[in-house]
Structures are given as structure tokens and as C-alpha cells.
Amino acid sequence: MNVMHECTDEEFEWIRGGREKPLSRDDPNWKFVVSNAFPNQFEAYAKILHQVDAHYENIDHPLTEREIAILKIPPCTKLRSYVESLRNAGQGPRIKWSALAQLLGVPFEPEICHKWFRGSMEEPGCWPRFLRGPDDGNLNAQELPAVLAVLGPFNGNQDCFFRFARWSAKDVDRELVFRGALKDLAPFLRDKKYQSTPEYWWPTNRNWCLCSEYDLKFTIVAGSRDLISAVLNSATLEALEVTAQTRIDDSVPLPQ
Numbered sequence: 056m057n058v059m060h061e062c063t064d065e066e067f068e069w070i071r072g073g074r075e076k077p078l079s080r081d082d083p084n085w086k087f088v089v090s091n092a093f094p095n096q097f098e099a100y101a102k103i104l105h106q107v108d109a110h111y112e113n114i115d116h117p118l119t120e121r122e123i124a125i126l127k128i129p130p131c132t133k134l135r136s137y138v139e140s141l142r143n144a145g146q147g148p149r150i151k152w153s154a155l156a157q158l159l160g161v162p163f164e165p166e167i168c169h170k171w172f173r174g175s176m177e178e179p180g181c182w183p184r185f186l187r188g189p190d191d192g193n194l195n196a197q198e199l200p201a202v203l204a205v206l207g208p209f210n211g212n213q214d215c216f217f218r219f220a221r222w223s224a225k226d227v228d229r230e231l232v233f234r235g236a237l238k239d240l241a242p243f244l245r246d247k248k249y250q251s252t253p254e255y256w257w258p259t260n261r262n263w264c265l266c267s268e269y270d271l272k273f274t275i276v277a278g279s280r281d282l283i284s285a286v287l288n289s290a291t292l293e294a295l296e297v298t299a300q301t302r303i304d305d306s307v308p309l310p311q
């Protein structure tokens, strides 16, 4: 039986009160960095890049030339050819951010964001025609088990807190915090039909923390140097090491 107990949002106060307050959005120097999401108490940080998959619908069931002309759909030759070549080579649908960065001439560095890809494409509308993802504020069915596997040895048997954003479930107009075992998270998500994984989660001793902001296409992990090394070395997760001052907003300018 999966046991999760609802708690008050006071459990989140150590994060809410401990993180740095960002500048006002109206300030021309506004930016959102890792320390705006976490208290400044962790040794290291990693940025898990949410999965991108190839999408074959417009390859297997293409529109007619007349429909393409009427809708003024770009040819997307470069991206389509790349997706087709991976499929013909027998590769699965997943395409890593590092591979897309190389294809599109985007730097693969800590501040990378989805908008860098779209901004580098001559035909930005091609992305949804041939690619799916990355998800906003959510670890998918492959990523969540991988994250749980990495966290397990560092967590031991202690309980964890899981804070869900107000949009994570239907008919909920506030953030919800639950306490339970790490192993119970996946069954809990299935049983309660949540639309996303928690926005924040952490153990009772607060020696690590995860944040999947609702409008970001990656998850930040904060913890010990050994934990972050385990995240970076995961065979499933694609991640980059970041620092407390790394920008994580989607307005980071594409380096020239």
C-alpha cells in the first residue's frame, strides 16, 4: 500500500525563505539563476535536460503538395533529413540535446535552453512537425525511474517531501505538499493521476533537492558533489553541471 500524507505548505518555508530573491521582471538586468530556486547550502548542482523525441507523423503521413502550399508549410529539409537518417539507422526516437546542438550549431553549455534551438532554426515551425518535447516542469516515464535510482543510495530510508504546483492536478487551486517514502512517488503519481512530477522534492534531512519549475524544460538537482556526479554519469539522464549563478530562465540570449 502506498502511503503519502498531506502536509502544510510550511514545510516549504526553508526553500521559500532561503533562496535569493530575483530582481523585478521590469528591471532590465532581470535574470533567474539557480540560487533563485534553492537555498545557498549545497555543494553542487546539475541540470537534467528533459527528453526530446523524434516525431514521425509528418514523415509517415505527409500532406499533399497542394495542402503544403495552401498552409505555407516550410520544407524543413535539414531537420526532416536528420530525423529520417536516425530512424533508418535503427536508432530509437530519443534525440539528445547535445546532438541537436551540434546539428543546429548551438553551444552545448550550462545555460542552454530550448529557445536556443528554436532561435537557431531558419524555420522554427519545423520543431513541432518532427520533434516532441521537451516537457515543461515534468520528468517523463523514462526520466523519473532514472532519477529515483540515482537518489536512492543517497537518501537511505528517510522520508521525503513532494510539493506539487497548483496546476499539477485538476480542480486544485493551491500548492500541495505530501510526505512519504521515495519509492512511493511513482505509484502515487499513477494513482492520483497527477499531470506532472513534483515541482520541488527533498528529504527530511534536506541534503538534496530537486526543482522542476513549471515553465522550464529541465530539472535542477542540488546536493553533494557525489550525488551530482551520479546524476552526470547516469546512462539514462542527459545532464550538465551548473553553479548557483548559472542562469536557468528561458530568456538567456543565444551566444554569438
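Read left to right, the sequence shown gives residues 56 to 311 (our numbering).
Virtual Cβ for every residue (Gly too), placed ideally from N, Cα, C.
Quiz item: What residues are listed by DSSP as bridge partners for Tyr269?
Solution: DSSP lists no beta-bridge partner residue for Tyr269.
Quiz item: Under a Cβ-count criterion, where at least 16 other Cβ atoms within 10 Å of its own Cβ denotes burial, should Lys272 be classed as buried or exposed?
Solution: With 16 or more other Cβ atoms within 10 Å, it is buried.
Quiz prompt | Segments assigned alpha helix (DSSP H), at least 4 residues, entirely inside the segment 97-125 | solution = Listed in chain order, the complete alpha helix (DSSP H) runs (minimum 4 residues) inside the segment 97-125 are 112-115.
Quiz item: Can you name the start and end residues of the alpha helix (DSSP H) that Tyr137 belongs to?
Solution: Taken as a continuous stretch (DSSP letters only), the alpha helix (DSSP H) holding Tyr137 covers 132-143.
Practice problem: Give a yes or no on whether the C-beta atoms belonging to Phe97 and Gly278 are separated by under 9 Å. | Solution: Note that the C-beta distance between Phe97 and Gly278 is below 9 Å.
Quiz item: What do you reckon, is the C-beta of Gln146 under 8 Å from a heavy atom of the ligand MG?
Solution: Absence of the ligand MG is noted for the structure shown, with no ligands found whatsoever.
Quiz prompt | Gly68 - containing alpha helix (DSSP H), residue span | solution = Before going on, a small fix: residue 68 reads as Glu here, not Gly. Where Glu68 is concerned, the enclosing alpha helix (DSSP H) starts and stops at 68-71.
Quiz item: Where does Gln106 land, buried or exposed, given buried means 16+ other C-beta within 10 angstroms?
Solution: Classification for Gln106: buried.
Quiz item: Considering only residues of the same chain and omitting the five flanking positions on each side of Val58, which have a CB-CB separation below 7 Å?
Solution: Correct list, in chain order: Gly235, Asp239.
Self-check item: Backbone CA spacing between Pro200 and Leu194 [nearest angstrom]
Solution: Pro200 and Leu194: Cα-Cα distance of roughly 9 Å.
Quiz item: Going along the chain, which residues of its own chain have a beta-carbon closer than 7 Å to the beta-carbon of Pro94, five neighbours each way excluded?
Solution: Within the same chain, Pro94 has close Cβ partners Trp69, Ile70, Gly73, Arg74.
Exercise. Could you say which of Leu282, Arg184, Ser284 lies nearest to Ile21 if we only look at CA atoms?
Key: As shown, the chain starts at 56 and ends at 311. That puts residue 21 outside it, with no answer to give.
Exercise. Name the two residues that bound the continuous beta strand (DSSP E) containing Leu295.
Key: It spans 294-297 - the beta strand (DSSP E) in which Leu295 sits, taken as one unbroken run.
Quiz item: When you compare each of Ile123, Glu268, Lys76 to Gly192 by their alpha carbons, which one comes out closest?
Solution: The residue from Ile123, Glu268, Lys76 with its alpha-carbon nearest to that of Gly192 is Glu268.
Self-check item: Spatial distance of His116 from Ala196 (CA atoms)
Solution: The C-alpha of His116 lies about 27 Å from the C-alpha of Ala196.
Exercise. Would you mind working out which of Cys131, Leu231, Ser284 sits nearest Glu177, comparing C-alpha positions?
Key: When each option's Cα is compared against that of Glu177, the closest is Cys131.
Quiz prompt | Reference Ser312, options Glu198, Asp214, Phe209, closest by Cα | solution = For the chain, the structure presents residues 56 to 311; residue 312 sits outside this window and is missing.
Quiz item: Which residue comes first and which comes last in the alpha helix (DSSP H) that contains Leu203?
Solution: Judged by DSSP secondary structure, Leu203 falls within the alpha helix (DSSP H) whose first and last residues are 198-210.
Practice problem: Identify every residue that forms a DSSP beta bridge with Leu231. | Solution: Leu231 is bridged by DSSP to Phe219.
Exercise. Using beta-carbon positions only, say whether Phe219 and Pro253 come within less than 9 Å of one another.
Key: Yes, Cβ-Cβ distance for Phe219 and Pro253 is below 9 Å.
Quiz item: Is Lys127 buried or exposed, if buried means 16 or more other CB atoms sit within 10 Å of its CB?
Solution: It is exposed - the Cβ of Lys127 has fewer than 16 other Cβ atoms within 10 Å.
Quiz item: What do you reckon, are the CB atoms on Lys86 and Val307 nearer than 9 Å?
Solution: In contact: Lys86 and Val307 (Cβ atoms closer than 9 Å).
Quiz item: Mapping DSSP to helix, strand and coil, what is Val276?
Solution: Three-state result, Val276: strand.
Quiz item: In angstroms, rounded to a whole number, what distance separates the CA positions of Asp190 and Glu164?
Solution: Their backbone Cα atoms lie some 20 Å apart in a straight line.
Self-check item: Length of the line joining the Cα atoms of Pro179 and Leu134
Solution: The C-alpha of Leu134 is placed about 10 Å away from the C-alpha of Pro179.
Practice problem: With Pro258 as the anchor, note down where its beta strand (DSSP E) starts and where it stops. | Solution: Note, Pro258: beta strand (DSSP E), 255-258.
Quiz item: If we call anything under 9 Å between Cβ atoms a contact, is Val138 one with Tyr111?
Solution: Cβ distance < 9 Å, so Val138 and Tyr111 count as in contact.
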